[in-house]
Amino acid sequence: MGLLADLFGPKPYPSHAKDEVNRLISELIRIGETDDYLSERPGPPFNYQCRHVRARDIGKRLDELGGYPLMMYAHGKVKKGLGKVLVSHLEYAWTDIGKWIP
Numbered sequence: 885m886g887l888l889a890d891l892f893g894p895k896p897y898p899s900h901a902k903d904e905v906n907r908l909i910s911e912l913i914r915i916g917e918t919d920d921y922l923s924e925r926p927g928p929p930f931n932y933q934c935r936h937v938r939a940r941d942i943g944k945r946l947d948e949l950g951g952y953p954l955m956m957y958a959h960g961k962v963k964k965g966l967g968k969v970l971v972s973h974l975e976y977a978w979t980d981i982g983k984w985i986p
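Below is the structure:
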């Protein structure tokens, strides 16, 4: 995801969903900053597979809005904001959502 593509390229979501997508990506970044996307133990806010429940809900909604391309777009935003370690946790947390393959 290059700077020019971010600024001028087509977005992988319908224009009517712009505000929702931006809000979801911001929330996803906040989750990574505060909770991480994975845990060593299950329990709120993590499911029995130790994956953050709300991060998975966001992934499902992004998949509904724009499929794999939108999930990759969000992935790029998280990577840019939080780095490759946390984005690798997000990759695993999103396992089995849509066509996502970590």
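With positions in the sequence shown counted from 1, the corresponding number in our numbering is that position plus 884. Ideal Cβ positions, reconstructed from N, Cα and C, are used throughout, including at glycine. These figures come from a predicted structure and were not determined experimentally.
Rounded separation between residue i and residue j - CA only
| i | j | result |
| --- | --- | --- |
| residue 941 | residue 934 | 14 Å |
| residue 918 | residue 963 | 15 Å |
| residue 902 | residue 948 | 14 Å |
| residue 916 | residue 970 | 7 Å |
| residue 927 | residue 977 | 15 Å |
| residue 894 | residue 968 | 25 Å |
| residue 905 | residue 954 | 9 Å |
Close-in-space but distant-in-sequence residues of the same chain around residue i (CB under 8 Å, 5 per side omitted)
| i | result |
| --- | --- |
| residue 868 | For residue 868 there is no data in the structure shown, the boundaries of the chain being 885 and 986. |
Distance between beta carbons of residue j and residue i, contact taken as under 8 Å
| i | j | result |
| --- | --- | --- |
| residue 987 | residue 957 | Coverage of the chain is limited to positions 885 through 986, which leaves residue 987 absent and any answer about it impossible. |
| residue 920 | residue 959 | Not confirmed; about 16 Å, so no contact. |
| residue 965 | residue 897 | That belief does not hold up - the Cβ atoms of residue 965 and residue 897 are roughly 18 Å apart, past 8 Å. |
Pair within 9 Å by beta-carbon distance, residue i and residue j
| i | j | result |
| --- | --- | --- |
| residue 961 | residue 909 | yes |
Residues near residue i by beta carbon distance below 6 Å, same chain, minus five either side
| i | result |
| --- | --- |
| residue 981 | 943, 944 and 947 |
| residue 907 | none |
| residue 986 | 975, 976 and 979 |
Neighbourhood of residue i by C-beta distance below 7 Å, restricted to the same chain and skipping five residues each side
| i | result |
| --- | --- |
| residue 923 | 930 and 934 |
| residue 912 | 939, 942, 958 and 962 |
| residue 925 | 934 |
CB contact below 9 Å: residue i versus chain C
| i | result |
| --- | --- |
| residue 908 | In the structure shown, chain C cannot be found, because there is only a single protein chain. |
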